[in-house]
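A.B. asks: Numbering of the sequence shown is given in the numbering used here, commencing with residue 446 and proceeding in unit increments. We put the beta carbon where it would ideally sit given N, CA and C, even for glycine. Keep in mind that this is a model prediction, so the values were computed, not measured. Mind looking over this structure? Questions follow.
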Amino acid sequence: MPNKPHKWGFKLYLICSLQGYAHRFEVYSGGGSKNNILPGEPDLGESGNTVVRLARMVPRNVNHIIYFDNFYTSVPLVTYLAKEGIFSLGTVRVNRLRNCKLPDKNTIMKKNVPRGFYEENVATVDDIDVSAVVWKDNKPVNLLSTYVGAEPATTVTRFDKSKKERVAIPCPKVIKELELAETLCKLGLPANGAKRGRPSGSTIQRELVTKKFRGPAQAIPLKDVRLDQTCHWAVWLDKQQRCKFPKCSGFTFKMCQKCRVSLCDTKKSNCFYKYHNLE
Numbered sequence: 446m447p448n449k450p451h452k453w454g455f456k457l458y459l460i461c462s463l464q465g466y467a468h469r470f471e472v473y474s475g476g477g478s479k480n481n482i483l484p485g486e487p488d489l490g491e492s493g494n495t496v497v498r499l500a501r502m503v504p505r506n507v508n509h510i511i512y513f514d515n516f517y518t519s520v521p522l523v524t525y526l527a528k529e530g531i532f533s534l535g536t537v538r539v540n541r542l543r544n545c546k547l548p549d550k551n552t553i554m555k556k557n558v559p560r561g562f563y564e565e566n567v568a569t570v571d572d573i574d575v576s577a578v579v580w581k582d583n584k585p586v587n588l589l590s591t592y593v594g595a596e597p598a599t600t601v602t603r604f605d606k607s608k609k610e611r612v613a614i615p616c617p618k619v620i621k622e623l624e625l626a627e628t629l630c631k632l633g634l635p636a637n638g639a640k641r642g643r644p645s646g647s648t649i650q651r652e653l654v655t656k657k658f659r660g661p662a663q664a665i666p667l668k669d670v671r672l673d674q675t676c677h678w679a680v681w682l683d684k685q686q687r688c689k690f691p692k693c694s695g696f697t698f699k700m701c702q703k704c705r706v707s708l709c710d711t712k713k714s715n716c717f718y719k720y721h722n723l724e
């Protein structure tokens, strides 16, 4: 898919409930969405057609709401869903809001525009009321909805770097709805999902008791073999290895050919002799 990451592997599209269950999915298989359009369904492009196909199993006219991000959101998509009796809300790309005179990014990010500023435009498209809202947070947030708008606005707290404290800023109603949807989606994450923030004490404790995998242990010869005084020849190693005699931390180039154990054999520490003679 153009301009999208993860070009290798499988891409799945899912429609999920608030409980985190995936009710329907399809595997992306290239730009062949036009072949799957049923009679009465519009051609909304690759992303829009994906939503239309996944929404076929959603009951109509029972106040269901579908949330999606700016990859899918467009005016034709939200108006089609509204005609089908399904509400929708999603972030939207500015270039998909034709003839909508919302402030652009350069205008809204000026210093004289306070954080929390928002503006709403409402239009009727094919007898469907559509609300487009832009809100200034760390960056502009553009949203499109067929069931909620900017009013009634509330407030949220954000950290003000100049005042070095948290302050209340205006927040349109549509933002609250979007945050609610994101919160409910996170509630359905599996236990092994992504972890955010600093690790808690319980997390650290679990990591401490986790046994480190070191691979298979080296075989130790039997006591009868070690002390049989037969064919225990010292052979040279290409690389130094730690001496395997208990309480010895030295390194050696020698190994017993029969026991396959590296052992020191120096003037100060003759572990080779001790290993084959001491019980």
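(1) Helix, strand or coil: how does DSSP classify Val-539 here?
(2) Leaving out five residues before and five after Val-586 in sequence, what residues of the same chain have Cβ atoms less than 6 Å from its Cβ?
(3) Is the stretch 503-515 touching the stretch 560-568, taking contact as three or more C-beta pairs under 8 Å?
(4) So is Phe-690 buried or exposed if we call it buried at 16+ other beta carbons inside 10 Å?
(5) Could you tell me if Gly-493 is buried or exposed, where buried requires 16 or more neighbouring beta carbons within 10 angstroms of its beta carbon?
(6) May I have a chain-ordered list of the beta strand (DSSP E) segments no shorter than 3 residues that lie completely inside the stretch 570-599?
(7) Taking just the CA atoms, how far does Glu-471 sit from Ala-500?
(8) Based on the DSSP secondary-structure assignment, which residues constitute the bridge partners of Asn-566?
(9) In the DSSP assignment, find the beta strand (DSSP E) that holds Asp-683 and state where it starts and stops.
(10) Would you check if the stretch 587-594 and the stretch 605-614 touch, i.e. whether three or more CB-CB distances between them fall below 8 Å?
(11) By Cβ distance below 8 Å, which residues in the same chain neighbour Leu-457 in space, the five residues on each side in sequence not counted?
(12) Could you give the residue range of the beta strand (DSSP E) that holds Asp-470?
(13) Quick check: is the beta carbon of Met-502 nearer than 7 Å to any beta carbon in chain C?
(14) Which value, in whole angstroms, describes the spacing of the CA atoms of Ala-636 and Phe-513?
(15) Please state the DSSP three-state secondary structure of Ser-492.
(16) With distance defined between alpha-carbon atoms, name the residue in Ser-533, Lys-692, Leu-459, Ser-519 nearest to Val-619.
(17) Once DSSP output is grouped into helix, strand and coil, what is the label at Pro-666?
(18) So, helix, strand or coil for Thr-602, using DSSP?
(19) Can you have a look at Ser-519 and say buried or exposed, based on whether 16 or more other CB atoms are within 10 angstroms of its CB?
(20) I need the DSSP call for Cys-716, collapsed to helix, strand or coil.
(21) Considering only the alpha carbon of each residue, which of Lys-621, Asp-488, Ala-467, Gly-695 lies closest to Lys-712?
(22) Mind checking whether Leu-708 and Cys-688 have CB atoms under 7 Å apart?
C.D. replies: Reading off the structure:
(1) Val-539 falls in the helix class under three-state DSSP.
(2) Around Val-586, the same chain offers Trp-580 as residues with beta carbons nearer than 6 Å, after the five sequence neighbours per side are excluded.
(3) No, they do not touch.
(4) Per the 10 Å Cβ criterion, buried.
(5) By the neighbour-count rule (16 or more Cβ atoms within 10 Å), Gly-493 is buried.
(6) You should have 573-581, 585-590.
(7) About 12 Å.
(8) The partner list for Asn-566 (beta bridge, DSSP) reads Ala-577.
(9) Start and end: 679-687.
(10) By the C-beta criterion, the stretch 605-614 is judged not to be in contact with the stretch 587-594, since fewer than 3 inter-stretch pairs fall below 8 Å.
(11) If we look at Leu-457 and ignore the five residues flanking it on each side, its Cβ neighbours are Phe-470, Glu-471, Val-472, Tyr-473.
(12) According to the sequence as given, residue 470 is Phe; it is not Asp. Start and end: 467-472.
(13) The displayed structure is made up of one protein chain only, and chain C is not part of it.
(14) Note that Ala-636 scores a pLDDT of 47, beneath 50, so its modelled location is shaky; the value from the coordinates is reported in the next line. One C-alpha to the other measures close to 23 Å.
(15) The answer is helix: DSSP assigns Ser-492 an H, G or I state.
(16) Checked all of Ser-533, Lys-692, Leu-459, Ser-519; the closest Cα to Val-619 is Ser-533.
(17) If DSSP states are grouped into helix, strand and coil, Pro-666 belongs with coil.
(18) Here Thr-602 sits in strand by DSSP.
(19) Around the beta carbon of Ser-519, 16 or more other beta carbons sit within 10 angstroms, so the residue counts as buried.
(20) Helix, per DSSP.
(21) Per the Cα distances, Gly-695.
(22) Closer than 7 Å, so yes.
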